[in-house]
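**Student:** Supplied in structure tokens, the structure appears directly below.
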Amino acid sequence: MKNNLICVLIGAPGAGKGTQAKNVANYYNCKLISTGDILRENVENRTVLGLEAKKYIDNGNLAPAQIVVSMIKNVIKSSVENKAGADKSFLFDGFPRDLEQNKLFEQILDELNLSIKGVIYINIEDDIVYERLTNRRICPKCNRVYHLKFNPPKFDNLCDDCKVKLITREDDKIDVIKNRLEVYKQLTYPLIEYYRKKNKVVEINGNKNADDVLKDIISGINCAR
Ligand code: AP5
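Positions 1275 to 1499 (this note's numbering) are the ones given, in order, by the sequence shown.
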């Protein structure tokens, strides 16, 4: 069956993919797969994969496709094996990132007889990328994401839930943000164009407030073919 919900969230660093992904996955009751989160968890746990990936993440470059794709393949396959029947729905946050990853991704989907319903492209301007990322803070314990102006913690620099001091992501330093943005434009734009030609792209104005962006994403997915 090819009628499961498979969606991909694409956008510049700081476009709001992570913020939206959790709500969208809850709304459609689909499994959320975020390569950034999985890689950071591996870095945190100092796994072999994490130690290798850290070299790339810290500089704002993409981790090697083979590492990321085999990681994704394992997550998808184990999840599909655990789901009897037709309900095999996934939301991918930050994957695939370029044409090379996409080729391998399409092979995996084909093997599982699944196909992409929509590629949600959250489009934001470059100056907003810097504004969002330099003001982002995260809880090192639960990974909850804050923004100092738009989504601040209730008490100065402490996670509302864990009461732990918030930190800045290592790759949210200005020079690393600059490289992430360049890598995004060089490698991810061609992927967006690839899916545009297939009429799969749902373009969302990510400059709006988070609630309006969510509404736009949901109506975009509902209209996707
Ligand atoms: P990843 O974690 O995927 O980073 P990214 O794509 O650069 O995106 P971010 O997580 O920085 O931003 P976001 O779009 O999720 O924004 P957020 O919702 O947090 O990847 C990190 C690294 O891992 C990569 O550089 C690479 O090295 C590696 N990697 C990951 N995937 C890979 C892959 N497939 N292949 C190879 N390597 C890979 O929002 C940002 C801030 O803005 C927050 O403070 C938030 O509160 C705020 N905010 C969000 N929405 C709004 C809004 N509408 N209005 C106001 N503020 C908002």
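Each residue gets a CB set at the ideal place from its N, CA and C atoms; glycine is no exception.
By DSSP, does G1292 sit in helix, in strand, or in coil?
**Tutor:** Looking at G1292 - three-state DSSP - the assignment turns out to be helix.
**Student:** With a threshold of 7 Å (Cβ to nearest heavy atom), would P1370 be considered close to the ligand AP5?
**Tutor:** Flag set: Cβ of P1370 near the ligand AP5.
**Student:** Is P1427 near the ligand AP5, going by C-beta to nearest heavy atom under 7 Å?
**Tutor:** Incorrect: P1427 has no Cβ contact closer than 7 Å to the ligand AP5.
**Student:** Roughly how far, in whole angstroms, is the beta-carbon of G1334 from the beta-carbon of V1419, given that I think they are within contact range, below 8 Å?
**Tutor:** About 18 Å separates the two Cβ atoms, so there is no contact after all.
**Student:** Less than 7 Å between the CB of I1495 and some heavy atom of the ligand MG, yes or no?
**Tutor:** No copy of the ligand MG occurs in the structure displayed; its ligands are the ligand AP5 alone.
**Student:** State yes or no: is the C-beta of A1286 within less than 8 Å of the C-beta of V1403?
**Tutor:** Yes; because the gap between Cβ atoms is below 8 Å, this pair is in contact.
**Student:** I'd like to check one pair, K1439 with N1431: are the Cβ atoms closer than 8 Å?
**Tutor:** In contact: N1431 and K1439 (Cβ atoms closer than 8 Å).
**Student:** What are the boundary residues of the alpha helix (DSSP H) that G1324 is part of?
**Tutor:** Residues V1322 to I1331.
**Student:** From L1386 to V1282, what distance separates their C-alpha atoms?
**Tutor:** Those two C-alpha atoms are separated by around 17 Å.
**Student:** Using the three-state DSSP reduction, which class does L1378 fall into: helix, strand or coil?
**Tutor:** Reduced to three states, the DSSP call for L1378 is helix.
**Student:** With DSSP run on the structure shown, which of helix, strand or coil describes N1481?
**Tutor:** Coil.
**Student:** Is D1336 near the ligand AP5, judged by its Cβ being under 7 Å from some heavy atom?
**Tutor:** One point to set straight first is that residue 1336 is Leu, not Asp, in the sequence displayed. Yes - the ligand AP5 has a heavy atom lying nearer than 7 Å to the Cβ of L1336.
**Student:** Select from H1421, I1396, Q1340 and I1307 the residue whose C-alpha is nearest the C-alpha of D1490.
**Tutor:** The shortest C-alpha separation from D1490 is found at I1396.
**Student:** Along the chain, where does the beta strand (DSSP E) containing S1308 start, and where does it finish?
**Tutor:** That run of the beta strand (DSSP E) goes K1305 to S1308.
**Student:** Where does D1401 sit, in a helix, a strand or coil, going by DSSP?
**Tutor:** Here D1401 sits in helix by DSSP.
**Student:** Where does G1392 sit, in a helix, a strand or coil, going by DSSP?
**Tutor:** Of the three classes helix, strand and coil, the one that applies to G1392 here is strand, per DSSP.
**Student:** Put G1494 into one of helix, strand or coil per three-state DSSP.
**Tutor:** Correct three-state label for G1494: helix.
**Student:** According to DSSP, which residues form a beta bridge with C1281?
**Tutor:** Its beta-bridge partners are L1365 and G1392.
**Student:** Taking only heavy atoms of the ligand AP5 into account, decide whether any of them is closer than 7 Å to the Cβ of F1424.
**Tutor:** Within the cutoff, so yes.
**Student:** Kindly indicate which residue of K1447, K1459 and R1406 has the alpha-carbon position closest to the one of K1482.
**Tutor:** When each option's Cα is compared against that of K1482, the closest is R1406.
**Student:** If you compare alpha carbons, which of V1322, N1356, A1339 and R1314 is closest to D1332?
**Tutor:** Checking every option, the nearest Cα to that of D1332 belongs to R1314.
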